[in-house]
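Worksheet: the structure to be examined is printed underneath.
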Amino acid sequence: MTEQARAPAVNPVCSLARIDIPIIQAPMTYIAGARLAAAVSNAGALGIIETTSEQGRADLRGVRELTSRPVGANIALLFNRDPAVIDLLVDNGIRFVTTSAGDPSLFTARLHEAGITVFHVVGTLAAAKKAVDAGVDGLVVEGIEGGGFKNRFGASTMVLLPLVAAHVDVPIVAAGGICDARSMAAALVLGADGVQMGTRLLASADSPVHANLKEAVVRADETGTVLLPLDGRRMMRVIRTAAAEKLDALASSTEGGAALQRVQRLYFDGDMDASVANTGQVAGRIEDVPPAAEIIAGMWAGCREVLAATADRLGEPPRTGPPRRESAPANSRPG
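Residue numbers (my numbering): -15 to 319.
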């Protein structure tokens, strides 16, 4: 076997994002700013800055004071349709963008012209095919377990990820239900080339949110989130608090929209009754609040250990075909 044949394949997510570890931080509005993104990027993964809020756009400039590593950005197309955002990204050295919540054809060509790699977030196979047709470089495939806006008819990562992987030929980042080595290993086996995490990094020492929200994530069990209706189509997965239970009982899109206007009071003042917080089901598996670098390093090293241990546990594959006939001893004679 040649040295080239023995060399491991280059991970496409790492190659496209110019990172060492195929982990991407989710673009949580108000949370995905310079502080968290820099911590993730400094750990060898890819921090993402959201561009929906004014603070997020300001952090595109400020993040360079905290890291010299690659940093990405997200464009939520439902809220940001002004092409001027592309100039902002170019001016601040952003070379990798995730787009979400809208038509991927809106900015993909323009982003490519600016030399920016584009991954689009999808929650269905149809959306994945549409994004590939629009020319995106890759996909973030997000199951309904994840926090934030969701399709009420959405599928879980366990169903959606291998389905999309079987029908597209672009790199895939898996999202929804991922927080540790085992869940990352599972995503890679199901067809992903990397993973995206939101809730796990929200509950990290580098996250800017109030300790009350981090504590609520740590206390949550596997049933600790709820999908709330915001209007006739969209749902939002949030952590189950008294405020979320009240909104769930009302089932009022007006009340839900008003609550979202107060979300910064929950995130940064710690008022858990002020609003509802986007949180994935994976909160039920989170038990501590370590630094982002510790989370990322442990996941990457542990993922490879899990995959190796699984291969050892399964043992050699069974032989296929008819049983092999044993050769007769040299000194034997037909009877």
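Note that beta-carbon positions come from the ideal geometry of N, C-alpha and C, so glycine has one too.
Annotated three-state conformation of residue 256 is coil, per DSSP.
With contacts defined by Cβ atoms closer than 8 Å, residue 54 and residue 16 do not form a contacting pair. Its chain contains 112, 116 as the residues whose beta carbon lies nearer than 6 Å to that of residue 152, once the 5 sequence neighbours on both sides are disregarded; these appear in chain order.
In chain order, 126, 127, 129, 130, 141 place their CB closer than 6 Å to the CB of residue 160, counting only its own chain and leaving out the 5 sequence neighbours on each side. In terms of Cβ geometry, residue 29 and residue 62 do not form a close pair [threshold 8 Å]. The Cβ atoms of residue 123 and residue 156 lie closer than 8 Å to each other. Here the alpha carbon of residue 52 sits roughly 47 Å from the alpha carbon of residue 234.
In this structure, residue 260 and residue 185 do not form a Cβ contact; the two beta carbons are roughly 19 Å apart against a cut-off of 8 Å.
Its chain contains 283, 286, 287, 290 as the residues whose beta carbon lies nearer than 6 Å to that of residue 165, once the 5 sequence neighbours on both sides are disregarded; these appear in chain order. Bounds of any alpha helix (DSSP H) do not take in residue 50, whose DSSP letter is neither H nor E. The C-alpha of residue 280 is placed about 19 Å away from the C-alpha of residue -6. If you check the CB distance, residue 74 and residue 102 do not come in under 8 Å. DSSP places residue 159 within a strand segment (E or B) once states are collapsed to three. If one requires a minimum length of 4 residues, the alpha helix (DSSP H) runs lying completely within the stretch 110 to 175 are 141 to 149, 165 to 173, in chain order.
Beyond the five residues adjoining it in sequence on each side, residue 95 comes within less than 7 Å, by CB distance, of 70, 81, 102 in the same chain, given in chain order.
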